[in-house]
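Data block below; observations after.
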Amino acid sequence: MTGLTAVRVHPLFAELRTPGDTLAIASTKTVPMLGDGAAESVSNRSVALDFLVDDVDTSYEQLAGSIESFVNEPTDMPWGNRSLLFCDPDGNLVRFFTPTSAEAAARFES
């Protein structure tokens with residue numbers, strides 16, 4: 001859906017790489033390596049990982065059988081994106097979005 005393929009660096013660690021950024025994803029088994037109190041699974045309710053996708057509605061249809069519940073179904077936002085919000089298996093918020101206006105699309109042109 002996102003066009004990205006995870007690169008498994010280690011059995012406990014993967015990366016999603018783009019030309020401008022890398023998103024590191026670690027297993028919850030790595031949390032003790034960070035030190036006491038450094039991270040707690042599902043404790044953050046204010047951050048969402050956002051992913052630009054080609055078509056939010058298609059992504060919604062593809063995810064419908066594997067996501068327990070969606071925070072919101074595809075919704076047109078006032079800033080020109082169509083957005084889908086759901087929780088991953090650990091309860092973290094994930095948003096897929098597609099620009100629906102020329103102005104919004106221009107923000108993501110390279």
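Here full-length UniProt numbering is used: position 14 in the sequence shown is 14, and no number is missing along the way. Yeah, the Cβ is synthetic: ideal placement off N, Cα and C, and Gly gets one too. Computed from a predicted model, the values in this text were never measured in an experiment.
C-beta contact flag for residue i and residue j at 8 Å
i: V56; j: L16; result: no
i: R95; j: A48; result: yes
Cutoff 7 Å; reference residue i; Cβ partners in own chain excluding five residues on either side
i: I67; result: F86
Beta-carbon proximity list for residue i, same chain, < 8 Å, skipping 5 on both sides
i: V71; result: L85, F86, C87, L93
Three-way DSSP call (helix, strand, coil) for residue i in this model
i: P74; result: strand
i: V9; result: strand
i: S83; result: strand
i: P19; result: coil
i: A106; result: helix
i: L4; result: coil
i: P32; result: helix
Contacts around residue i, its chain only, beta-carbon distance under 6 Å, and the 5 residues preceding and following it disregarded
i: L23; result: L16
i: R82; result: V56, P74, D76, T98, T100
Spatially closest choice to residue i from the options, by CA coordinates
i: T98; options: L12, S69, Y60; result: Y60
i: T18; options: P11, L4, I25, V9; result: L4
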